[in-house]
Amino acid sequence: MTPLAGYLTISVALFCIGLYGLVQRRSLIAMLIALELMLAAASLNVVALTSLASGAPGVGVVRQIGAGHASSVGQVVALILIGVAAAEAAIALSLFVAIQRYASTINVEDLSELKG
Amino acid sequence: MSGVPLLTLLLACPILGLVGVLVTPARFPGAIKRIAAVSGLAAVGVVAVLWAKFDPGRPGYQFLELRSWVPAFGISWHNGVDGLNLPLLALTSIVYLTGVLVTWELRERVKEFFAFMMLLVVGVFGVFMTLDLFFFVFYYEVAVLPMYLLIAIWGSTRKEYGAMKLTLYLLVGTALVVPAALALYWGAGLGSFDLTRLAAAHYPRNFQLVVYPFLFVGFGILAGIWPLHTWSPVGHVAAPTAVSMLHAGVLMKLGAYGILRVAMPLLPEGAHYWATATAVLATVNIVYGAFVALAQTDLKFVIGYSSVSHMGIVLLGLSTLTEAGINGAVFQMFSHGIMTALFFASVGYIYDRLHTRDIGRLGGLSRSMPVASAFFIIAALTGAGVPGFSSFWAELLVFLGTLKTFPVLAVIVVAALTVTLAYSIRVIVLAFFGEPREARPHVADMGAFDSLPRAILVAFLLLFGFAPRLILDIIEPATRSLVRVLS
Amino acid sequence: MTGPTLAALLVQFAPLAACAVVLLGLRRRARAAAGVAIAGAVISFAASVWLVAAVAVPDRSLLAQTVFLPVDAAHALAFGVLLDPLSTAMALVVATITLAVMVYSTGYMRGDPGFARYYGFLALFAWAMQGLVLSANLLQTLVFWELVGLASFLLIGFWFDRPAAVAAARKAFLMTRVGDVGFLLGVLLLIRALGLATIPDVIAAAGAGGGLTPRFVTVTAALLLMGVIGKSAQGPLFTWLPDAMEGPTPVSALLHSATMVAAGVYLVARLHPFFLAAPVVMHALLYLTLATALAAATMAMVASDIKRVLAYSTISQLGYMLMGLAVGSTAAGFFHLTTHAGFKALLFLSAGIFIHHAHSNEMREINARGALGQRAGAIGLVAGGAALAGLIPFSGYFSKEAILGALGAAAGRWVVALAYLGAGLTAYYSARMVFLTLVPDDRTAVGTRAPAHGEAVAKVPGAAAGERAMDVTVLVLAALTLVLGYLGPWFGARLAPGERVHGPFEFGLGQLAALALVAAGIGLAWYEFGRRGAARIGFAERVPAVAAFFRDNWYVDRLYRATVIRWATALSRAAHWNDERIVNGATDGLANGTVGGGRLLALVQNGYVQAYLAVVVTLIAVLAAVLSRVGGVR
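Protein chains in written order, with this note's numbering: chain H, 26 to 141; chain G, 4 to 490; chain E, 8 to 641.
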């Protein structure tokens with residue numbers, strides 16, 4: 026197993042755990058954490074794959090930025106993703122507070138107002 | 004021809020009225036009603052000028068207004084008048100004015116009511132005057148949509164149900180008409196929506212046979228064609244008085260007019276091919292409507308089904324494709340519009356006072372409110388085809404035309420006159436004669452102001468009943484050229 | 008426009024103007040309303056007298072018309088007036104009776120809350136009837152034909168809060184409309200075939216070489232006759248007329264005996280050559296009217312209501328007129344129409360005096376209240392009864408002789424025999440009526456003979472003048488019964504130049520036989536009703552089943568109730584049900600189905616975000632698996 030495969034395996038495992046948590050947990054906060062896990066898996070993927078791409082120039086976005094700096098592009102994207110995740114968490118948490126105030130619960134089973 | 008675009012002016016009457024009503028604050032209901040009345044009066048005035056200046060002897064359309072609007076699609080502002088739509092414009096203006104006058108006592112949401120009513124009238128005037136297929140369909144929708152709100156907000160018995168039913172049916176009609184109209188547009192290949200140009204195009208026979216039923220049924224729904232008629236009585240019953248008047252008096256004519264103005268001249272072969280089928284349907288309308296009316300207990304339902312029956316006469320007249328029949332059909336459209344407006348105007352007065360329209364609970368009204376009853380009885384007698392009122396001549400002409408083309412149907416329809424008389428007399432006898440069947444408060448009879456709009460309607464019934472030539476001389480040349488196209 | 012045309016217009020439109028003025032402006036002013044209406048009637052009467060002098064006496068015939076109704080490019084219907092001895096004489100008859108009834112009604116209807124409306128409707132009727140009589144076009148005839156039907160409806164139902172009157176009005180309108188369907192179809196057929204319906208042209212077209220096939224003429228004549236049968240209450244459509252007696256008595260005199268119901272007879276006379284071109288139809292008419300005349304006579308024999316007796320006798324006499332026309336004698340039929348108008352109006356108006364006085368239509372009741380006290384009424388009833396019975400020298404004798412003579416000349420032996428039998432029955436029931444009403448019943452207690460006090464005999468101001476008007480009218484009409492009979496030869500000369508008409512006092516076998524039968528009828532009636540100590544029960548009334556059968560209009564009404572009316576009601580209920588359940592049910596079902604389907608689909612939306620997510624992920628996984636297997640992604 027190449028090192029890359031190892032990264033990817035971990036990423037998949039993280040993603041699956043996150044997905045499982047997202048589907049399984051009933052608390053919105055737990056779901057948010059699970060979502061963060063999935064995001065982290067995605068970031069890991071990006072970093073791992075761009076490090077691979079630095080050895081094989083001429084693929085997609087990387088080429089436009091510059092073949093030599095491909096791995097650093099991956100790291101930049103990962104950083105942006107972390108920033109986005111933080112913002113997302115902030116928004117989500119504030120929504121949860123609003124929901125808590127409105128419905129006195131953040132259990133998704135009780136929040137089924139979209140029922141037809 | 005004078006430089007004044009009279010038809011646009013006519014359309015401007017309700018539009019300006021609408022604007023006037025919208026800018027008037029809702030806390031001045033009196034002012035709003037006056038604006039509406041002035042707008043109605045102005046419309047009647049413009050139509051009177053049209054009628055006076057109209058020259059029946061000249062072929063084709065008069066008072067033409069033609070401005071290109073969207074040249075890319077061949078849409079133009081094209082209005083004109085001939086013998087077929089002049090009576091209908093007159094009818095609309097009369098019913099509009101009298102409708103405003105009978106609604107004088109309205110208290111609830113006055114501003115919105117008159118605004119919607121004027122929007123409706125804009126649509127109706129537009130349909131009757133336009134010679135552009137695009138605008139035809141456009142106005143058609145404009146006329147239909149306010150109906151829903153007018154009934155659902157100001158209506159009475161089961162108003163939401165009635166309003167929804169009416170709207171859905173009419174939309175089904177639209178769903179048939181719009182594709183057919185587009186087919187006409189593309190089929191002609193002229194890149195023009197102009198009806199006068201489309202009429203000159205010749206469509207292939209198979210095209211005509213397929214498209215004609217779409218138009219006939221689509222427009223026919225609005226004319227109350229059997230078995231797609233049930234929206235009409237339900238809608239009549241639910242609607243407030245003035246809306247019933249416009250609905251039965253004018254709106255149902257839109258459908259028949261659509262057949263007359265779009266379907267028949269553009270698709271003559273289709274009209275010939277389907278004539279027997281449509282005539283049979285129309286006969287079912289007449290007979291069936293009369294029988295159902297005989298079993299009704301609500302005054303407005305009786306009128307509603309009588310409208311179904313009478314509109315059957317219009318459709319039958321159109322289906323004969325003869326001059327006499329079409330003359331009669333156009334005359335009947337006018338006459339039925341006035342008559343049924345009178346019907347609803349008198350029933351509205353009675354319902355507003357007694358809060359019931361159940362024949363079983365009324366009785367003896369001629370004693371307590373003789374004037375109001377007299378108006379209803381006159382309308383009922385007109386409907387029963389008593390000569391001296393205009394409907395008699397209209398029906399007679401339709402019968403003559405039918406006898407030429409469909410003798411068997413003519414016999415059936417003439418025999419059905421007994422049923423027509425039976426339901427009219429039944430209502431008169433049960434609701435207006437005899438003794439009151441239950442105690443009811445003393446209510447005032449119609450005063451002079453309430454009588455005025457009804458008297459106007461009666462005057463028209465009598466005028467054209469005694470002198471049918473006044474209107475037939477206008478209709479006849481237009482019909483003649485239409486029949487020439489058809490044959 | 009010539010003088011006669013103007014006069015003809017005046018005859019028609021003076022009453023119309025009066026009607027408009029009364030109904031629109033004088034609803035609350037009874038005296039003025041009566042004044043205006045009577046003024047209209049006087050003008051109409053004067054103009055019709057002038058018309059007779061200007062047209063009928065010199066035996067002219069003229070037609071004035073103008074285009075009224077354009078039908079299509081090629082055809083237009085012209086309306087106008089057709090003036091000849093027949094129409095002008097009829098116009099005079101109508102105008103006379105109308106005037107008499109209007110004058111009479113000032114007394115009879117005094118104090119009625121609808122007094123002005125009554126005069127308005129009478130004037131409406133006068134206009135419609137004159138229009139019918141003078142019309143030049145069959146369609147025009149039809150128009151006025153319907154309008155007299157309308158006036159009849161309004162006048163029968165004049166007391167519209169009485170259920171019986173209202174029911175009678177409704178029945179009359181509907182039943183005559185059944186006949187009018189045929190009339191309308193006939194006229195439409197003629198217009199279709201000829202492009203016009205002007206009466207002289209129609210007649211000409213039916214003649215030899217006129218362009219209409221005999222079959223067409225037969226069919227059309229039969230259809231037109233349906234209208235006649237309805238309006239003149241013949242054959243199966245007679246039952247509305249007895250019920251129509253629920254209207255005010257002067258109305259019965261004017262519409263339902265003298266003029267309106269005679270419109271059918273007039274129409275046959277008007278189109279006589281046309282009808283004669285359809286011999287089959289005329290034969291059928293002969294048998295139908297003979298049967299009607301006899302049946303109605305039997306009903307008159309058992310009726311106890313004086314107005315119903317008169318109504319049945321009207322039906323019977325109309326049958327005689329039509330029999331005369333059916334065998335081809337215009338003069339005899341129309342002659343009888345004229346004399347009948349005079350004496351039947353007289354009878355009704357006399358009966359009205361009694362009814363006004365006794366507040367009852369029952370002959371025994373009237374008698375008990377002292378009928379003989381009403382001098383003018385008694386004179387009128389006797390004179391009218393004698394004329395109806397066919398006693399010489401009253402007018403009815405001469406005209407009935409003319410009809411029987413025409414029948415004898417043209418009809419089969421049995422028909423003639425039955426017609427003579429009918430004449431005997433007529434004499435019997437007329438005499439029965441007179442005896443029952445006038446001869447005091449010595450078995451009733453004396454005390455009841457004074458006018459009832461409990462009843463509202465409230466003296467309205469001016470009642471005496473009103474009663475005088477009634478008496479004078481009756482006496483004038485009574486005098487007329489002695490005069491009208493001598494018009495026979497004049498009618499013969501004017502209406503049927505080739506026809507031989509008996510002189511008034513020519514006695515052959517037929518006349519003697521008729522007089523003998525009349526004497527026998529009166530004798531029988533005297534034996535049963537008139538002599539001192541008579542049982543006052545007729546021979547027909549002794550058998551209850553027969554009496555009930557006769558009294559109940561030969562069960563014709565029951566038959567209608569059991570069949571036509573029931574079927575029509577069932578049909579309308581079925582149509583209503585169908586509309587409610589099937590047609591409406593289908594659309595409502597469609598609408599509900601759409602809404603329900605939406606509801607069903609909406610169940611999938613359970614509102615659990617995680618469930619949606621699971622579905623999404625699963626689907627993506629499945630899609631990915633499938634695509635990678637198929638190789639859709641490269």
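Heads up, the beta-carbon is just placed ideally off N, CA and C, and yes, glycines get one too.
Given the structure is predicted, the values throughout are model-derived calculations rather than measurements.
- Under the Cβ criterion of 7 Å, N613/E is not counted among the residues facing chain G.
- Annotation for E115/G: no beta strand (DSSP E) segment contains it, though the alpha helix (DSSP H) segment containing it runs V113 to M132.
- Per DSSP, the continuous beta strand (DSSP E) segment holding W72/G begins and ends at Q65 to V73.
- Contact residues of the region 28-45 of chain H toward chain E are L44 (C-beta to C-beta distance below 7 Å).
- Between the C-alpha atoms of S195/G and A203/G there is a straight-line separation of about 12 Å.
- Listed by position along chain E, the residues whose Cβ is nearer than 9 Å to that of S369/G are F167 and D168.
- S68/E: not part of any alpha helix (DSSP H); DSSP gives it neither H nor E.
- Annotation: A184/G to L136/G spans about 7 Å, alpha carbon to alpha carbon.
- Residue pairing from DSSP places V74/E in a beta bridge opposite A85/E.
- Rounded to the nearest whole angstrom, the C-alpha separation of V374/G and G192/G is 58 Å.
- From the listed residues S68/H, A114/H, L77/H and C41/H, the smallest Cα separation to L104/H is found for S68/H.
- With the criterion set as a beta carbon lying under 7 Å from some beta carbon of chain H, the members of the region 621-635 of chain E are A621 and V624, in sequence order.
- In chain order, E326 and R483 make up the part of chain G whose C-beta sits under 7 Å from the C-beta of A80/E.
- In the three-state reduction of the DSSP assignment, N144/E falls in the strand class.
- Straight-line spacing of the CA atoms in S52/H and Q617/E works out to 11 Å.
- A straight-line Cα-Cα distance of about 15 Å links A166/G and M255/G.
- Residue pairing by DSSP puts D312/E in a beta bridge opposite E369/E.
- Within the model, the alpha-carbon separation for W189/G versus W80/G is close to 20 Å.
- Residue environment analysis places D85/G among the buried positions, since at least 16 neighbouring C-beta atoms fall within 10 angstroms of its C-beta.
- Shown here, H232/G sits in coil according to DSSP, grouped into three states, outside any helix or strand.
- Listed along chain G, the residues sitting closer than 7 Å to R177/E by beta-carbon distance are I428 and V432.
- For a Cβ distance threshold of 7 Å, residue set V133 of chain H lies close to V616/E, ordered along the chain.
- The beta-carbon of V48/H is placed less than 7 Å from the nearest beta-carbon of chain E.
- The Cβ neighbour count for Q299/G, taken over all protein chains shown within 10 Å, is at least 16; the residue is labelled buried.
- Taking a 10 Å sphere around the C-beta of E134/H, we find fewer than 16 other C-beta atoms and assign the residue as exposed.
- Counting along the chain, S349/G sits inside the alpha helix (DSSP H) bounded by residues E326 to L357.
- The beta-carbon distance between S338/G and A251/G, rounded to whole angstroms, is 13 Å. This is too long to meet the 8 Å contact definition.
- Neighbours of D119/E across chain G, judged by C-beta separation under 8 Å, do not exist; the nearest C-beta is about 13 Å away.
- By the rule that beta-carbons nearer than 7 Å mark a contact, A396/E does not touch chain G.
- Ranking L91/G, H239/G, W107/G and A39/G by CA distance to the CA of D453/G puts W107/G first.
- Across the structure, V633/E and F40/H are spaced so that their CA atoms are roughly 21 Å apart.
- By DSSP's assignment, N82/G forms a beta bridge with E68/G and T133/G.
- Under DSSP, the beta-bridge partners assigned to D361/G are D301/G.
- By the 16-neighbour rule on beta-carbons within 10 angstroms, T385/G is buried.
- Scanning S36/H, E61/H and G46/H for the CA closest to the CA of A114/H turns up E61/H.
- Proximity of chain G to E253/E at the Cβ level (cut-off 9 Å) is not reached, the minimal Cβ distance being about 12 Å.
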